[in-house]
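Enquirer:
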Amino acid sequence: MLLLKLALRTLMRRKSRMILIALLVAFGTFLIIFGTTFSGAAHDVSRRSIIENFTGDFIIYAAKSKEKPSPFAFQTPLPNIPNVPEIERYLDSLPEVAAHTPYAQNYAILQVERNGTRLELPFIFYAVDPTGYRRVFDNAQMTEGSFFGVDGSRSNDVPDPSHGIVISEYQNQQYMKSYGTTLEVGDKLTVLGLTQGGVNAASSKVVGIFDPKYYKNVFNYINFLDIGTYSNLYNFTGVQSLPPNLDRRLNDASTNEAGIFGLASDDSLSSIDLNTLKSQALSGYTMIAVKLTDHSKTAEVMKLVEDKPNLGIRVLGWSEASGYFAQIASGLQTFIYAATGLIFLIVAFIFMNTLIINITERTEEIGTMRAMGAEKSFVRRLFISETLILNLTASVIAMLVALVVIVLVGNNGIPLPDTFSQFLIGGGNLPLQLQIGPFIQAIAVTVVVSILATLYPVRVATSITPLEAMNKR
Amino acid sequence: MNAVELVNVKKHYMLGETRVEALRGVSLQIEKGELLAIAGPSGSGKSTMLNMFGCIDVPSEGIVKVDDVETEHLSDTELTRYRRTKIGFIFQSFNLIPVLNVYENIEFPLLLQRRHSQKEREKTVMHFIEEVGLADRVKNKANELSGGQRQRVAIARALVTQPIIVLADEPTANLDSETGLRIIDLMREINDREKTTFIFSTHDPQIMTHARRIVHVRDGKIVDRVASEAAV
């Protein structure tokens, strides 16, 4: 009680000086709570947003690839993944895998006729299996047409919507700016792709126009091409299966030599009706995005998949696969920690100096207490009490303010400038969730910093002898 | 029985590069219940002697006994405990704790002792407040009191633990002469009544005559020991 009384009254007596310290401590505390909550929320939302719209939990790519998957690697496409169906079968067998979709990144030229003039428009795209892609990612918000007929909402007027291109609204605006034209749903065009053998061409059409929901700063520039057209364009097409009678005869003949030679005399096998053959994309795919039922098992499943022998693949987690996007939230978190650390370093320094000034001014008082029989531990506890009362009071007030702010912001989230929001969390408001962790952190940091900042001043204070009070004139 | 005893005590310290001989072989015995003045000019060694009596300084040579215990070998903690129980201090600048009121300042040494109930403390504190005539100033802070009143508080604070000796270093130096005399008279009255040993230093001839015995010091040595006129 005596210590508390002395500490409280001393603080009140020196309040003008102490208010500055209290403000700094309060600011630091607020920064810890709000900053940690903000950056934690940004980290969580960013992670969710990237996984949901961008990369899945991890990406599978060819083991022989020299580069890692990146959202911007259109100029240097990754090598094709061998044996995609086998990998997909394996993924299907894993209970942790919720969905997966193969896709490829590439670029091409679109040739369109406008008023008798042929225009060549640059075009970067994801080549996708529309159904699979839509099952994993739902980021393309269709404004016209459909996503290759998968969502079906506006696909009635588009003949054979499963083939074609889906283009972003922003891309169309860029075409207008640079080429004076836009692409409309139903427009016929030729896609020109550059291969090792030269330039290949494939006829196609526009089946949809979309506006990305999230990560506009990436998906505004990315368009979609169906995998069939893509395989055609880059010579990845093969035959899905032989006609059944040929397949059966070949099987039968394979058991003896005479049977093989007997095939030559079979007229029914002398020609194949091409209409009965179904084309198959052998594998133009360069990546497979995998989404899990439980995100906490990402590392475990990644290891499982990568360690599976003979698949010829490697895996890359969502964080790395998103390029620098995941690092923005982590960077922000680091920045907030660093800023908080700096604030508390300044607080500790100012506080230490203020305490030393106080001690110098209170030499007589401390010496008198020591003369009357106060032990060094009493002096030590007195200064630590003063420090803790001041700093914890400031800290608790800041906590209440932070609590009110976080509750008020709540689920509606903090409105962020659009560009910042796009980079940080893919777009939209940032919802904040009240968590106990940052509050505990704030108290712990305040107590630790208070005690550390008091150590040296307390040493000075306890070294004051009663002589200094006795000799004071 | 001696309250304090110095046996051939020497004290020297360095002031920059100069060696200062504060005490040069002082021997002195002060009996319990005495009212003793240590008189001498500035720098004569009065305060150094008081510091030895008060266990807040140790001799370079010689023996200091307080209540028959040699103090030079006691640790800091033991000296602190010794001061807390056996010695009361009255300072020239009063040295009241500024954030505490009159009552709390006087109660402070009792709280440090941690051996009295609140009731006991209240009774003792009020007794000494009345002794020094400040019953109407109980709630006042130090800055609301006159110099004389502050020194009365300091006297009550020094007495409240009922120590063996009360040391007062130039207790009237910051007071006008009339107030100074009243303070010394008060100490004398308490000495009469309670038989508390008072040792005070002064260079004021008028003040020193109120002691029962005067020890004159000069250049770190005792030059004269006389019973004062007041005692006679």
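For the protein sequence lines, the chains are Y and P, in the order given. So in the working numbering, spot 288 of the first sequence is number 288, and the numbers just go up one at a time. To convert, count from 1 in the second sequence and add 473; that's the working numbering. Beta carbons: idealized from backbone N, C-alpha and C, even for Gly. Predicted, not measured: the structure shown is a model, and the values here were computed from it.
Quick one: what's valine 199 of chain Y bridged to in DSSP?
Expert: Taking the first sequence and counting its residues from 1, the one referred to as residue 199 of chain Y is at position 199. According to DSSP, which records beta bridges pairwise, valine 199 of chain Y is partnered with Y/Leu194.
Enquirer: For methionine 352 of chain Y and chain P, any beta-carbon pair shorter than 8 Å?
Expert: The residue given as residue 352 of chain Y occupies position 352 in the first sequence. False, the Cβ-Cβ gap to chain P never drops below 8 Å.
Enquirer: Give me the chain P residues within the contact set of glutamate 365 of chain Y, using Cβ-Cβ distance strictly less than 8 Å, ordered along the chain.
Expert: By 1-based counting over the first sequence, the position of residue 365 of chain Y is 365. Ordered by position in chain P, the residues that pass the 8 Å Cβ test against glutamate 365 of chain Y are Asn568, Ile570, Pro571.
Enquirer: Helix or strand or just coil, what does DSSP make of alanine 281 of chain Y?
Expert: Here residue 281 of chain Y is taken as the residue at index 281 of the first sequence, counted from 1. Any reading at alanine 281 of chain Y must be qualified, since the residue scores a pLDDT of 47, below 50, and its modelled position is unreliable; the value itself is stated next. Correct three-state label for alanine 281 of chain Y: strand.
Enquirer: For tyrosine 103 of chain Y, list the residues DSSP reports as bridge partners.
Expert: The sequence position of residue 103 of chain Y within the first sequence is 103, counting from 1. Note: tyrosine 103 of chain Y sits in a beta bridge opposite Y/Val128, Y/Met287.
Enquirer: Near arginine 698 of chain P, what residues of its chain come up, given a Cβ to Cβ distance below 6 Å and the 5 sequence neighbours on each side ignored?
Expert: Counting from 1 along the second sequence, the entry for residue 698 of chain P is found at position 225. Once the five neighbours on either side are set aside, the close Cβ partners of arginine 698 of chain P are Val688.
Enquirer: Just curious, the alpha helix (DSSP H) that asparagine 429 of chain Y is in, first and last residue?
Expert: Residue 429 of chain Y sits at position 429 when you count from the first residue of the first sequence. Run containing asparagine 429 of chain Y: none; DSSP gives neither H nor E here.
Enquirer: Closer than 7 Å by beta-carbon distance: list the chain Y residues that pair up with leucine 509 of chain P, in chain order.
Expert: In the second sequence, residue 509 of chain P corresponds to position 36, counting from 1. Near leucine 509 of chain P there are no residues of chain Y at all, since even the closest Cβ is about 18 Å away, more than 7 Å.
Enquirer: Which term fits arginine 154 of chain Y, buried or exposed, when burial requires 16 or more other beta carbons within 10 angstroms of its beta carbon?
Expert: Within the first sequence, the letter at position 154 stands for residue 154 of chain Y. Any answer about arginine 154 of chain Y is weak, because its pLDDT of 41 lies below 50 and its placement is not dependable; what the coordinates show is given next. So arginine 154 of chain Y counts as buried.
Enquirer: Please classify serine 463 of chain Y: does DSSP put it in a helix, a strand, or coil?
Expert: On the first sequence, position 463 is the one that residue 463 of chain Y refers to. In this structure, serine 463 of chain Y counts as coil in the three-state DSSP scheme.
Enquirer: Would you kindly work out how many angstroms separate the C-alpha atoms of leucine 640 of chain P and threonine 521 of chain P, rounded to a whole number?
Expert: Within the second sequence, the letter at position 167 stands for residue 640 of chain P. Within the second sequence, the letter at position 48 stands for residue 521 of chain P. If I take the Cα positions, the gap works out to 12 Å.
Enquirer: Any Cβ of chain Y within less than 8 Å of the Cβ of leucine 583 of chain P?
Expert: By 1-based counting over the second sequence, the position of residue 583 of chain P is 110. Closer than 8 Å: no.
Enquirer: How many Å lie between arginine 655 of chain P and asparagine 647 of chain P at the Cα?
Expert: If you number the second sequence from 1, residue 655 of chain P lands on position 182. If you number the second sequence from 1, residue 647 of chain P lands on position 174. Distance between arginine 655 of chain P and asparagine 647 of chain P, taken at the CA atoms: about 13 Å.
Enquirer: Suppose contacts are defined by Cβ-Cβ distances below 8 Å. Is isoleucine 124 of chain Y in contact with phenylalanine 325 of chain Y by that definition?
Expert: Translated into positions along the first sequence, residue 124 of chain Y becomes position 124. Translated into positions along the first sequence, residue 325 of chain Y becomes position 325. Contact check for isoleucine 124 of chain Y against phenylalanine 325 of chain Y fails: the beta carbons are separated by 8 Å or more.
Enquirer: Please state whether the Cβ-Cβ distance between isoleucine 475 of chain Y and valine 206 of chain Y is less than 8 Å.
Expert: Not covered by the structure: residue 475 of chain Y. The range shown for chain Y is 1 to 473.
Enquirer: Which of the three DSSP states, helix, strand or coil, is assigned to serine 162 of chain Y?
Expert: Taking the first residue of the first sequence as position 1, residue 162 of chain Y is located at position 162. The answer is coil: DSSP assigns serine 162 of chain Y none of H, G, I, E or B.
Enquirer: Under 8 Å between C-beta atoms, does leucine 20 of chain Y make it to chain P?
Expert: Sequence index remark: in the first sequence, residue 20 of chain Y carries index 20 (1-based). No, leucine 20 of chain Y does not count as interfacial toward chain P.
Enquirer: In chain P, which residues lie less than 7 Å from glutamate 375 of chain Y when you measure between Cβ atoms?
Expert: Taking the first sequence and counting its residues from 1, the one referred to as residue 375 of chain Y is at position 375. Glutamate 375 of chain Y reaches chain P at Thr550, Thr553, counting residues in chain order whose Cβ is nearer than 7 Å.
Enquirer: Are isoleucine 389 of chain Y and leucine 8 of chain Y closer than 8 Å when you measure CB to CB?
Expert: Working through the first sequence from its first residue, we reach residue 389 of chain Y at position 389. Working through the first sequence from its first residue, we reach residue 8 of chain Y at position 8. Closer than 8 Å, so yes.
Enquirer: DSSP beta-bridge partners for alanine 510 of chain P?
Expert: On the second sequence, position 37 is the one that residue 510 of chain P refers to. Answer is P/Phe673, P/Ile687.
Enquirer: Run through DSSP, which three-state label would glycine 518 of chain P get?
Expert: The residue labelled residue 518 of chain P in the question sits at position 45 within the second sequence. Three-state result, glycine 518 of chain P: coil.
Enquirer: Quickly, what does DSSP pair leucine 110 of chain Y with across the bridge? List them, please.
Expert: By 1-based counting over the first sequence, the position of residue 110 of chain Y is 110. Listed as beta-bridge partners of leucine 110 of chain Y by DSSP are Y/Leu121, Y/Val191.
Enquirer: Short check: CB of isoleucine 81 of chain Y to CB of isoleucine 288 of chain Y, under 8 Å?
Expert: Along the first sequence, one-based indexing puts residue 81 of chain Y at 81. Along the first sequence, one-based indexing puts residue 288 of chain Y at 288. Cβ distance < 8 Å, so isoleucine 81 of chain Y and isoleucine 288 of chain Y count as in contact.
Enquirer: Would you verify that the beta carbon of threonine 340 of chain Y is, or is not, closer than 8 Å to some beta carbon of chain P?
Expert: Position 340 of the first sequence holds residue 340 of chain Y. Cβ-Cβ to chain P under 8 Å: no for threonine 340 of chain Y.
Enquirer: Does glutamate 504 of chain P come out as helix, strand or coil in the three-state DSSP assignment?
Expert: In the second sequence, counting from the first residue as 1, residue 504 of chain P sits at position 31. In this structure, glutamate 504 of chain P counts as strand in the three-state DSSP scheme.
Enquirer: Taking Cβ positions only, does leucine 2 of chain Y come closer than 8 Å to chain P?
Expert: Residue 2 of chain Y sits at position 2 when you count from the first residue of the first sequence. Leucine 2 of chain Y counts as touching chain P.
Enquirer: Go ahead and label lysine 519 of chain P buried or exposed: buried means 16 or more other beta carbons lie within 10 angstroms of its beta carbon, across all protein chains shown.
Expert: Numbered from its first residue, the second sequence carries residue 519 of chain P at position 46. With 16 or more other Cβ atoms within 10 Å, it is buried.
Enquirer: Between the alpha carbons of arginine 17 of chain Y and asparagine 358 of chain Y, how many angstroms are there, rounded?
Expert: Taking the first sequence and counting its residues from 1, one reaches residue 17 of chain Y at position 17. Taking the first sequence and counting its residues from 1, one reaches residue 358 of chain Y at position 358. Looking at the two C-alpha atoms, the distance is approximately 10 Å.
Enquirer: At 8 Å on the CB atoms, spell out the chain Y contacts of isoleucine 680 of chain P, in chain order.
Expert: Here residue 680 of chain P refers to the residue found at position 207 of the second sequence. What isoleucine 680 of chain P touches in chain Y: nothing, since even the nearest Cβ is about 17 Å away.
Enquirer: Buried or exposed: which applies to arginine 588 of chain P, given that a residue is buried once 16 or more other Cβ atoms fall within 10 Å of its Cβ?
Expert: The sequence position of residue 588 of chain P within the second sequence is 115, counting from 1. Exposed: under 16 other Cβ atoms inside 10 Å.
Enquirer: Where does aspartate 649 of chain P sit, in a helix, a strand or coil, going by DSSP?
Expert: Walking along the second sequence from the start, residue 649 of chain P turns up at place 176. Residue state, collapsed to three classes: coil.
Enquirer: Return the chain-ordered list of same chain residues with a C-beta closer than 6 Å to the C-beta of lysine 297 of chain Y, the five sequence neighbours on each side being excluded.
Expert: Against the first sequence, residue 297 of chain Y aligns to sequence position 297. Hits under 6 Å: Glu96.
Enquirer: Below 8 Å, how does it come out for the stretch 508-517 of chain P and the stretch 677-692 of chain P: are there three or more Cβ pairs, yes or no?
Expert: yes
Enquirer: Mind checking the stretch 582-604 of chain P against chain Y and listing, in chain order, the residues whose C-beta falls within less than 7 Å of any C-beta there?
Expert: Pro582, Leu584, Leu585
Enquirer: If we define contact as Cβ-Cβ less than 8 Å, is threonine 462 of chain Y a contact residue for chain P?
Expert: Taking the first residue of the first sequence as 1, we reach residue 462 of chain Y at position 462. Output row for threonine 462 of chain Y: interface = no.
Enquirer: Would you tell me roughly how many angstroms separate the C-alpha atoms of valine 150 of chain Y and aspartate 138 of chain Y, rounded to the nearest one?
Expert: Against the first sequence, residue 150 of chain Y aligns to sequence position 150. Against the first sequence, residue 138 of chain Y aligns to sequence position 138. If you draw a straight line from the Cα of valine 150 of chain Y to the Cα of aspartate 138 of chain Y, it comes to about 11 Å.
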